[in-house]
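A quick write-up on the structure given underneath.
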Amino acid sequence: MTGNESEGALASVRYIVDDVRAAIDFYTTHLGFTVLNAFPPAFADVVRGPLRLLLSGPTSSGARATPKDAAGCGRNRIHLVVDDLEAERERLRQAGVVLRGDIVSGPGGRQLLLADPAGNLVELFTPAERR
Numbered sequence: 001m002t003g004n005e006s007e008g009a010l011a012s013v014r015y016i017v018d019d020v021r022a023a024i025d026f027y028t029t030h031l032g033f034t035v036l037n038a039f040p041p042a043f044a045d046v047v048r049g050p051l052r053l054l055l056s057g058p059t060s061s062g063a064r065a066t067p068k069d070a071a072g073c074g075r076n077r078i079h080l081v082v083d084d085l086e087a088e089r090e091r092l093r094q095a096g097v098v099l100r101g102d103i104v105s106g107p108g109g110r111q112l113l114l115a116d117p118a119g120n121l122v123e124l125f126t127p128a129e130r131r
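For reference, each letter of the sequence shown is one residue, going 1 to 131 in UniProt numbering.
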């Protein structure tokens, strides 16, 4: 594989997590990801559509390669498009998922932030209707 031109390629994002098992459970139970590989406590990767999310625990090479000054949770987040943001908010609330605020509306659509067990942000997004 040489790059983006490969049909069916996955885009991979690495999240550093405190607990790989908790992260697997969170992403598969609440956000529709499926497990590709699981090697807790060090590593797992889960997939949803073209997104491969690398879940790196403290003992993984990915986590160990992270510079100390960049080791904390950042402002980056994965962005998942959903059809009904209110229904997702209610479903996640009932499941005890930590929501990081309420729905915010803008010219491009509406979004809601939640946090995985390690504090990494996930954005649920419903685009505005085009006129």
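Built from N, CA and C at the ideal position, the CB exists for glycine as well.
Remember, predicted model here, so these are calculated numbers, not experimental data.
Per-residue burial, residue i [other beta carbons within 10 Å of its own, 16 or more giving buried]
| i | result |
| --- | --- |
| Ser-60 | buried |
| Val-36 | Inspection of the sequence shows that residue 36 is occupied by Leu rather than by Val. Classification of Leu-36: exposed, given that the 10 Å Cβ count is below 16. |
| Gly-32 | exposed |
| Glu-129 | exposed |
| Phe-26 | buried |
Top-ranked residue by Cα proximity to residue i, from the options
| i | options | result |
| --- | --- | --- |
| Ala-118 | His-79, Leu-112 and Ser-56 | Ser-56 |
| Leu-104 | Asp-84, Phe-125, Arg-93 and Asp-116 | Looking at the sequence shown, residue 104 is not Leu but Val. For the residues Asp-84, Phe-125, Arg-93 and Asp-116, the minimum Cα distance to Val-104 belongs to Phe-125. |
| Asp-45 | Pro-58, Asp-18, Asn-76 and Ser-12 | Ser-12 |
| Asp-102 | Glu-90, Ala-95 and Gly-108 | Glu-90 |
| Val-122 | Val-81, Gly-106, Gly-49 and Phe-43 | Val-81 |
| Pro-50 | His-79, Pro-41, Pro-58 and Phe-43 | His-79 |
C-beta contact flag for residue i and residue j at 7 Å
| i | j | result |
| --- | --- | --- |
| Arg-52 | Leu-114 | no |
| Thr-34 | Val-47 | yes |
| Arg-110 | Leu-85 | yes |
Give, in chain order, every unbroken run of the beta strand (DSSP E) that is at least 3 residues long and sits entirely within the region 72-112. Taken in chain order, the complete beta strand (DSSP E) segments of 3 residues or longer contained in the region 72-112 are 77-81 and 104-106.
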